Amino acid sequence: MKLRTRLLLLGLLPTLVIVAMVATTSWVVNGQKFDGQSINLAGRQRMLTQKMFKELMVSLQSMRDGKSDAKAIAQTRMTMKVFDMTLTALRDGGQAPKQFVINDKTTYAQCPPATGQVATQLQEVTQLWKTFEATLDGMLSGRQNTDAKDINDALAQNMTLLKEMNAAVGMMQRATEAKTNMLMSVQFGGLIIGVLCVVFTVWVSTSLNRLLKQTVVTLTARSHEVTQAATQIAQTSHSLAAGATQQAAGIEQITATISELNTRNDRNSQDLTESRQHSQQTLRDVQDGNEAIDRLSNAMHQIKASADQTAGIIKTIEEIAFRTNLLALNAAVEAARAGEAGKGFAVVADEVRSLAHRSSEAAKSTSELIGDAVHNAETGVTINQEVIQSLNKMQQSAHHVSDLTDRITSTDKEQRESMHQVSQAVDQLNQLAQQNAANSEEEAAISETLSTQARDVDQVVTRLKLLVGERQSSAA
Numbered sequence: 021m022k023l024r025t026r027l028l029l030l031g032l033l034p035t036l037v038i039v040a041m042v043a044t045t046s047w048v049v050n051g052q053k054f055d056g057q058s059i060n061l062a063g064r065q066r067m068l069t070q071k072m073f074k075e076l077m078v079s080l081q082s083m084r085d086g087k088s089d090a091k092a093i094a095q096t097r098m099t100m101k102v103f104d105m106t107l108t109a110l111r112d113g114g115q116a117p118k119q120f121v122i123n124d125k126t127t128y129a130q131c132p133p134a135t136g137q138v139a140t141q142l143q144e145v146t147q148l149w150k151t152f153e154a155t156l157d158g159m160l161s162g163r164q165n166t167d168a169k170d171i172n173d174a175l176a177q178n179m180t181l182l183k184e185m186n187a188a189v190g191m192m193q194r195a196t197e198a199k200t201n202m203l204m205s206v207q208f209g210g211l212i213i214g215v216l217c218v219v220f221t222v223w224v225s226t227s228l229n230r231l232l233k234q235t236v237v238t239l240t241a242r243s244h245e246v247t248q249a250a251t252q253i254a255q256t257s258h259s260l261a262a263g264a265t266q267q268a269a270g271i272e273q274i275t276a277t278i279s280e281l282n283t284r285n286d287r288n289s290q291d292l293t294e295s296r297q298h299s300q301q302t303l304r305d306v307q308d309g310n311e312a313i314d315r316l317s318n319a320m321h322q323i324k325a326s327a328d329q330t331a332g333i334i335k336t337i338e339e340i341a342f343r344t345n346l347l348a349l350n351a352a353v354e355a356a357r358a359g360e361a362g363k364g365f366a367v368v369a370d371e372v373r374s375l376a377h378r379s380s381e382a383a384k385s386t387s388e389l390i391g392d393a394v395h396n397a398e399t400g401v402t403i404n405q406e407v408i409q410s411l412n413k414m415q416q417s418a419h420h421v422s423d424l425t426d427r428i429t430s431t432d433k434e435q436r437e438s439m440h441q442v443s444q445a446v447d448q449l450n451q452l453a454q455q456n457a458a459n460s461e462e463e464a465a466i467s468e469t470l471s472t473q474a475r476d477v478d479q480v481v482t483r484l485k486l487l488v489g490e491r492q493s494s495a496a
C-alpha cells in the first residue's frame, strides 16, 4: 500500500467513523425526540378514550335526569375533537394539540408521520375510532338509544379502541427501543472501528517512522554525496575556469603571433614575388649573355681563322723576302763580277736586298705579332669556352633558383592558406575557450546551488530526525 493511501486512510477512516456515529446519533436522537413526544401523545390517547367515556356517562346521566348539560356535552365533543386531531397527527403527521381544550391559547406539537407497523396499527385504530365516534355522536345527539345494552356496546368499543391504542403505543415504544439498540450497535461498531483505526494508526505510524528513518539515512548519505560532488564540481569548475582563462590568454597570444606570422608571410610572399621576378630577369640576362658569348666565340673563331690566313700570307711574304734577298745577293755577286758596269746594278741590288731584309724583318715582326694575336685569340677562345661553361652553370643555377622560387612561392601560398586555416581554428578555439570559461563559471554557480540545496536537504533531514524522534548524534 502506498504511503499516500495509508495517510489518506489514516485521516479518512476516523473521520468517516466519527461522521457516521454523529449522523446516526443525531438521527436517532432527533427521532427519539419526536418518538417520545409521539409516545406521550399516544399514551394520552388512551387516557382520552377513558375521559370521553366518562364524560359520555355524565352527559347521559344528566339527560336521564331531564337536565341536559350542554357544557358536559360540549366538553365531551371537545375531547373527541382533541382525540381525532391527535390521532390524525400521529398517523399522517401534523400538529396535535397539547391541551385538552382547543382555543386561541392552545399550543401544538409537531408529529412525524407514522411508518411501518405503527402506521398500520394507527390505521386500524382510526377505523375503530370512526365507529366509536359515530356511537358517541349518536348518543350525544339523541339519535341512538342509550339503554344499558347500547352503553355496554359503547364500552366494548371503547375498550377495543383502548386495547388497539395500547398496542400502537407498544409498537412505538418497541420502535424507539429498536432505534436505541441500533444506536448502541452503531456506537459499539464505531468503538470497534475506532480501535481498529488506532491499531491501523499505530501500524501506519510504525511503518511510516521506519520509512522515515530509512529515508533520513538515505537522504543523509545522498546529501553528503551531493555536498562532496558539489565541492568537487566547484573545485573542478574553478580549475577549469582558471585553465580556460589561461588558455584564452595563450590563444590570444597565439592569435597575435599568428597575425604577426601572417604579416611576415605576406612580406615573404612579396619578397618571393620580387625574387622570382629578379630570378626570371637573371635567367633572361644569362640567356642574353650566352647568346652574346656565342656571338663572341664565333667572332674569335673568325679572328683566329683570319689570323691563320694572315700568318700564311706573312709566311709567303717571308719566303718572297728570303728569295728576294737571295736574288739581291746573287745580283750583287753578279754586279761584282761585272765590275764597273755592274756598279749601278749593285747599288740597286743592295737596295733590293735592304728592302728584302726590312721586308723580312717586318714580316718576322708581323708574324710574331700575328702569332701573339693567334695565341691570344686561342686563349680568348679557351676563356670564352670557360665563360660559356660558367654561363651555362649560371643558367642552370638560375633555372634551379627559378624552380625553387616557384616551389617556395607555391609552398608559401599553401602555408598562407594553412596559416589562415590555423587562424580560423585558433579563433574557434578562442571562442570555445571563452565558452568553456563561461560554462565553468556556470558550473561553479550550479555547484553553489547544489551546495545550497544539499544544506537545505540537511535541514530537512534534521527536521525528519526530530520528527521520527532521533537525535542527530545517534543518527550519525
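Numbers in the working numbering are just positions in the sequence shown, counted from 1, shifted up by 20.
Positions of the beta carbon are idealized from the N, C-alpha and C atoms, including for glycine.
Please read these numbers as outputs of a predicted model, since none were measured by experiment.
Who pairs with residue i in a beta bridge, going by DSSP?
| i | result |
| --- | --- |
| Gln115 | Gln130 |
Under the rule that 16 or more other beta-carbon atoms within 10 Å means buried, what is residue i, buried or exposed?
| i | result |
| --- | --- |
| Gly503 | An answer regarding residue 503 cannot be provided, because it is not within the stretch 21 to 496 covered by the chain. |
| Ala92 | buried |
| Gly332 | exposed |
| Gln177 | buried |
| Ser430 | exposed |
| Met204 | exposed |
| Gly136 | exposed |
| Arg315 | exposed |
| Ala474 | buried |
| Ile334 | buried |
| Gly210 | buried |
| Thr35 | exposed |
| Arg491 | Because Arg491 carries a pLDDT of 48, less than 50, the predicted location of this residue cannot be relied on, and no value is offered for it. |
| Val189 | buried |
| Met191 | buried |
| Met67 | exposed |
| Glu153 | buried |
| Asp476 | exposed |
| Asn201 | exposed |
| Trp149 | buried |
| Val121 | exposed |
| Ser494 | Note that Ser494 has pLDDT 46, beneath the 50 cutoff, so the model's placement of it is unreliable and the number below is only indicative. Exposed is the call here. |
| Leu389 | exposed |
| Arg357 | exposed |
| Ser227 | exposed |
| Leu260 | buried |
| Arg483 | exposed |
From which residue to which residue does the alpha helix (DSSP H) around residue i run?
| i | result |
| --- | --- |
| Phe120 | Here Phe120 belongs to no alpha helix (DSSP H), and DSSP marks it neither H nor E. |
| Thr166 | First-last for Thr166: undefined, no H or E at that position. |
Relative to the C-alpha of residue i, which residue among the options is closest?
| i | options | result |
| --- | --- | --- |
| Thr166 | Leu76, Ala109, Asp112 and Gly114 | Leu76 |
| Arg436 | Thr45, Arg304, Gln234 and Arg287 | Arg287 |
| Gln70 | Gly210, Thr180, Val236 and Trp223 | Thr180 |
| Gln65 | Pro117, Gln473, Met439 and Ser422 | Pro117 |
| Ala268 | Ala458, Pro132, Leu29 and Asp55 | Ala458 |
| Asn123 | Thr99, Ile278, Met202 and Leu216 | Thr99 |
| Ala129 | Val138, Gln115 and Gln119 | Gln115 |
| Ala327 | Arg427, Ala168, Arg284 and Ala397 | Ala397 |
| Ile403 | Met320, Val367 and Arg483 | Met320 |
| Ile212 | Glu468, Ile38 and Glu338 | Ile38 |
| Arg304 | Cys217, Asn412 and His377 | Asn412 |
| Glu371 | Leu349, Lys384 and Thr386 | Leu349 |
| Leu346 | Lys324, Gly364, Ser380 and Gly359 | Ser380 |
| Ser58 | Phe73, Leu107, Leu486 and Asp432 | Leu107 |
| Thr207 | Ala40, Gln273 and Arg427 | First, the residue type needs correcting, since residue 207 is Gln and not Thr in the sequence shown. With distances taken between Cα atoms, Gln207 lies closest to Ala40. |
| Leu29 | Val218, Arg97 and Leu110 | Val218 |
| Arg378 | Phe342, Gln448, Leu484 and Val42 | Phe342 |
| Ala382 | Glu338, Ala355, Leu33 and Ile466 | Glu338 |
| Ala187 | Lys233, Val215, Thr472 and Gln143 | Gln143 |
| Ile313 | Ala90, Gln409 and Arg97 | Gln409 |
| Leu182 | Gln141, Arg97, Ala241 and Phe220 | Gln141 |
| Thr283 | Thr221, Ser243 and Ser443 | Ser443 |
| Leu486 | Ser467, Leu232, Ala351 and Arg373 | Leu232 |
| Gln329 | Ser387, Ser317 and Asp478 | Ser387 |
Quick one: does residue i have its CB under 7 Å from some CB of chain D?
| i | result |
| --- | --- |
| Ala176 | Absent from the structure is chain D; it holds one protein chain and no more. |
Can you find a heavy atom of the ligand GDP that lies under 6 Å from the Cβ of residue i?
| i | result |
| --- | --- |
| Gln119 | By its list of ligands, the structure shown contains no ligand whatsoever, and the ligand GDP lies outside what it can speak to. |
- Query: Which whole runs of the alpha helix (DSSP H) in the segment 335-408 are 4 residues long or more, in chain order?
  - Reply: Those alpha helix (DSSP H) runs which fall completely within the segment 335-408 and span 4+ residues do not exist here.
- Query: At which residue ranges does the segment 202-233 contain complete beta strand (DSSP E) runs of 3 or more residues, listed in the order of the chain?
  - Reply: With a minimum length of 3 residues, no continuous beta strand (DSSP E) run stays inside the segment 202-233.
- Counting only runs that start and end within the segment 48-101, where is the beta strand (DSSP E) found for 3 or more residues in a row? Counting whole runs of 3 or more residues, the segment 48-101 contains no beta strand (DSSP E) stretch at all.
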